[in-house]
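Undergrad:
Numbering (the working numbering), first residue to last: 73 to 373.
1. Could you say if the region 135–153 and the region 273–284 meet the contact criterion of at least three C-beta pairs nearer than 8 angstroms?
2. Any beta carbon of chain C sitting closer than 8 angstroms to that of residue 346?
3. Using a Cβ-Cβ cutoff of less than 7 angstroms, which residues in the same chain neighbour residue 98 once the five nearest sequence positions on both sides are dropped?
4. Exposed or buried, which one is residue 213 when buried takes at least 16 other CB atoms within 10 Å?
5. Please go through the same chain and pick out, in chain order, the residues whose beta-carbon is closer than 8 angstroms to the beta-carbon of residue 181, but skip the five residues on each side of it.
6. Specify, as a first and last residue, the run of the alpha helix (DSSP H) that residue 275 falls within.
7. Find out if the Cβ-Cβ distance for the pair residue 284, residue 128 is shorter than 8 angstroms.
8. What number of angstroms, rounded off, separates the C-alpha of residue 267 from the C-alpha of residue 228?
9. Using the beta-carbon count (16 or more within 10 Å), is residue 171 buried or exposed?
10. Is DSSP giving residue 302 helix, strand or coil here?
11. Would you tell me roughly how many angstroms separate the C-alpha atoms of residue 154 and residue 162, rounded to the nearest one?
12. Look at the alpha carbon of residue 292 and the alpha carbon of residue 156, and state the distance between them as a whole number of angstroms.
13. May I ask you to report which of helix, strand or coil DSSP gives residue 332?
14. Tell me where the alpha helix (DSSP H) around residue 339 begins and ends.
15. Under 7 angstroms Cβ to Cβ from residue 330, same chain only, skipping five residues before and after it: list those, please.
16. Take the Cβ of residue 78 as the centre, count every other Cβ of all protein chains shown within 10 Å, and call the residue buried at 16 or more, exposed below.
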């Protein structure tokens with residue numbers, strides 16, 4: 073059993089290293105060929121935290137573990153708000169002036185409610201996936217539009233997040249190495265999570281919601297704590313919100329096009345309502361002072 077757990081943990085480590093290498097390489101190449109540091113930072117904030125979940129979901133689908141993939145994606149969204157933002161706010165209150173958060177949270181709420189409606193028949197199919205992908209296109213348009221109106225302080229935080237070398241050869245190696253580590257790490261984590269699930273009598277859905285969603289979020293949690301301590305509340309909350317939008321719309325949309333996804337009763341009646349409640353709570357917290365206090369962080373936890 074300890075050997076299986078060790079390989080599972082190793083898979084998560086490889087996932088983390090692969091995602092970091094891929095994102096730094098892609099950011100460096102983007103800046104090398106003319107993208108601004110703030111634009112590169114926005115891309116990292118929007119997509120970066122979702123890369124491990126994307127890799128795990130693809131590996132799970134490829135191995136036929138469809139409920140595991142869905143559980144990982146939905147569980148990651150819950151972890152983003154309930155764990156990562158909550159713990160980061162306990163470290164230091166999070167000041168949020170990121171315009172993208174203000175426009176993305178309502179979109180995320182609509183996406184979660186739409187997903188709840190689509191799930192009533194017990195599956196996500198081709199047309200459901202197509203609808204979700206239209207939503208992520210709209211989110212991309214919102215993100216691009218919001219960047220032009222962001223304050224200098226927000227742009228500075230985004231540029232800091234994208235700080236990396238821009239040498240072409242080094243970044244090409246980073247991208248290729250990152251893809252290899254992501255692929256192997258996702259396969260290891262997925263395969264051994266199922267062994268642990270069988271040993272502990274967990275369903276595929278529960279394994280995704282717990283083992284993979286929480287396990288893959290540990291590095292993100294550490295990064296969020298450091299960012300919060302440095303006063304980068306925009307990066308912490310922006311990453312959680314944007315990553316959840318990408319997970320719900322892009323990842324689930326693409327997976328539903330690949331293969332119909334099972335939407336079980338526990339997912340429809342428990343996990344999705346919990347996610348919706350967290351989104352509403354976060355929106356309510358940011359309406360007034362645009363800050364998530366320590367008390368609010370404890371509520372999210």
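Cβ atoms here follow ideal geometry from the backbone N, Cα and C, with glycine treated the same way.
TA: For this structure:
1. yes
2. Among the protein chains of the structure shown there is no chain C, as only one such chain exists.
3. 247
4. The residue is exposed, with fewer than 16 neighbouring Cβ atoms inside 10 Å.
5. 348, 351, 352 and 355
6. That residue, residue 275, is in no alpha helix (DSSP H); it is neither H nor E in DSSP.
7. yes
8. 44 angstroms
9. buried
10. coil
11. For residue 154 and residue 162, the distance between alpha carbons rounds to 12 angstroms.
12. So the two alpha carbons sit approximately 7 angstroms from each other.
13. coil
14. First-last for residue 339: undefined, no H or E at that position.
15. 133
16. exposed
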